[in-house]
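S.K.:
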Amino acid sequence: MKKKLICLISMLLLGINIYSKDKIKVVAPDGLPALSLVKMINEKPQIDGVDVEYKIEKLSESLVMTLMKKDADIAIVPSNLAGQLYNKGLGYKIGGTVGWGSFYVISRENFNSLKDLKGKEIGTIGKGLTPDIILQTLLKKNGLDLSKDIKIDYLSSGNELVPLYLSGKKDIVVIAEPMASKILAKDKNSKINVELNQEWKNLFNVAKGYPQSTLIVSENILKENPNFLDEFINDLKDSIEFIESNDNKRLEYISKAQITLPKDIIDEAIKKANFDFTTGAKGKDEYMIYFKEIAENNKKAIGGKIPNEEIFISK
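All residue numbers in the sequence shown are consecutive under my numbering, ending with 394.
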């Protein structure tokens, strides 16, 4: 018994990892956010001596359910969900932003301002959800009265919106990557008129824009193995750099990870995805502006209130 105690103390003094969990579970939604993990999925089954299990959730409902059950240690989530989970007391904190806004106004017309949408009809998705709140906030800040100056037609998904635009039944759409690149690839007369993330930067005088996808981390990891998180974030940054490179393994890795993206538009979608890992501490101002604007339109989207600053991992 005495030998075991001496051994344990020695391990602690030497900084050897004695984290009790056999495996760390990492989840991400299918699509662009999951691309940030693609190198890790293929090359990092173990980090800091701990086995890592990666899971790509094909349905947003499954991602939410997994986190509500606290069945993941680390996740990439829509930024409003990070607020919800924190406000529900589920023990997840913001480690950083993985991707900034990637919503675009696309049309065959010539304009470059949201003010030019006055008197127009636009098609988009997700009524009342975060992308819609971002859009409505920007339209109102540009002086448009949503009740009379513009008509917004909400569709159920990008898969429904894209064919309507390509067939000419919709003239202007607000849509995210990778669907934006799909439109631009199929219709050479189409163009990006306005980048919503750039509009957000200009409006709120922030460097990065609005956080679209967020890395959240269980407090248990922060308490019991902070070294693991440091290594994980370093590997995540490396993985993002890899996915933005022209490495010839990129498509192979995406395929092996079973991430659902059309191969013919992956390059263009990645260019406009706005991957840029920024720690929660460094991106705090962007998050607090984002949470404030979401709360003014739909508090339920972030769990009923603006999260306090304890939501951020302090490094």
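A virtual CB, placed ideally from N, CA and C, is assigned to each residue, including glycine.
Helix, strand or coil for Gly-162 per DSSP?
M.R.: If DSSP states are grouped into helix, strand and coil, Gly-162 belongs with the helices.
S.K.: Measure the alpha-carbon distance for Asn-238 versus Asp-150 and round it to whole angstroms.
M.R.: In a straight line, the C-alpha of Asn-238 is about 30 Å away from that of Asp-150.
S.K.: Determine the direct distance from the alpha carbon of Glu-122 to that of Leu-132, and round the result to whole angstroms.
M.R.: It is worth fixing the name first, because residue 132 is Glu in this sequence and not Leu. For Glu-132 and Glu-122, the distance between alpha carbons rounds to 12 Å.
S.K.: Could you check the C-alpha separation between Asp-364 and Asn-284 for me, to the nearest Å?
M.R.: Each residue's alpha carbon lies about 10 Å from the other.
S.K.: Tell me the rounded alpha-carbon separation between Ile-185 and Asn-304.
M.R.: Distance between the alpha carbons of Ile-185 and Asn-304 is about 45 Å.
S.K.: Indicate whether the contact test is met: 3 or more Cβ pairs, each with one atom in the region 224–242 and one in the region 253–264, closer than 8 Å.
M.R.: With a cut-off of 8 Å, the region 253–264 and the region 224–242 count as touching, because enough Cβ pairs lie within range.
S.K.: Quick test of the definition: if touching needs 3 or more C-beta pairs under 8 Å, does the region 160–180 touch the region 341–360?
M.R.: Because the criterion of three Cβ pairs below 8 Å is met, the region 160–180 and the region 341–360 touch.
S.K.: On the criterion of 16 or more Cβ atoms from any shown chain inside 10 Å, does Glu-136 qualify as buried, or is it exposed?
M.R.: Buried is the call here.
S.K.: Checking the sheet assignment: what are the DSSP bridge partners for Trp-179?
M.R.: Bridge partners of Trp-179: Pro-290.
S.K.: With a threshold of 8 Å, are at least 3 pairs of Cβ atoms found where one atom belongs to the region 327–338 and the other to the region 152–160?
M.R.: Verdict: no, contact absent.
S.K.: Going by the DSSP bridge assignment, what does Val-252 pair with across the sheet?
M.R.: Val-252 is bridged to Ile-185, Gly-202.
S.K.: Between the Cα of Glu-332 and the Cα atoms of Val-106, Asp-101, Ala-113, Glu-200, which residue gives the shortest distance?
M.R.: Here residue 332 turns out to be Tyr, not Glu, going by the sequence shown. Closest by alpha carbon: Ala-113.
S.K.: Going by beta carbon distance, what residues of the same chain come within less than 7 Å of Leu-93, once the five residues before and after it are set aside?
M.R.: A caution first: Leu-93 carries a pLDDT of 43, below 50, which makes its placement in the model too unreliable to give a value.
S.K.: Secondary structure at Gln-215, three-state DSSP: helix, strand or coil?
M.R.: Correct three-state label for Gln-215: helix.
S.K.: Should the region 190–200 be regarded as contacting the region 163–170, the criterion being three or more beta carbon pairs within less than 8 Å?
M.R.: They do not touch, by the three-pair rule.
S.K.: Do the CB positions of Ile-262 and Val-241 come within less than 7 Å of each other?
M.R.: Yes, they are a contact pair.
S.K.: Report the option in Gly-382, Lys-316, Glu-278 whose CA atom is closest to the CA atom of Asn-221.
M.R.: Nearest of Gly-382, Lys-316, Glu-278 to Asn-221, Cα basis: Glu-278.
S.K.: Which residue's Cα is closest to the Cα of Ser-318: Lys-342, Ile-349, Asp-343?
M.R.: Taking only the C-alpha atoms, the option nearest Ser-318 is Ile-349.
S.K.: Rank Ala-374, Asp-314, Asp-343, Asn-268 by C-alpha distance to the C-alpha of Ile-120 and give the top, closest one.
M.R.: Checked all of Ala-374, Asp-314, Asp-343, Asn-268; the closest Cα to Ile-120 is Asp-314.
S.K.: For Leu-142, which residues of its own chain have a beta-carbon under 6 Å away from its beta-carbon, when the five flanking residues on both sides are left out?
M.R.: Closer than 6 Å at the Cβ level, and outside the excluded window around Leu-142, lie Pro-108, Glu-136.
S.K.: Identify the continuous beta strand (DSSP E) that holds Ala-107 and give its terminal residues.
M.R.: First-last of the beta strand (DSSP E) with Ala-107: 102–108.
S.K.: Per the DSSP calculation, Lys-172 is bridged to which residue(s)?
M.R.: Partner(s): Val-296.
S.K.: Note down, one range per segment and in chain order, each alpha helix (DSSP H) of at least 4 residues found wholly within the region 346–386.
M.R.: Whole alpha helix (DSSP H) segments, 4+ residues: 363–377.
S.K.: Please list the terminal residues of the continuous beta strand (DSSP E) segment that includes Glu-323.
M.R.: Counting along the chain, Glu-323 falls outside any beta strand (DSSP E), and DSSP gives it neither H nor E.
S.K.: In or out: Pro-124 buried (at least 16 other Cβ within 10 Å) or exposed?
M.R.: Looking at its Cβ environment, which holds fewer than 16 other Cβ atoms inside 10 Å, Pro-124 is exposed.
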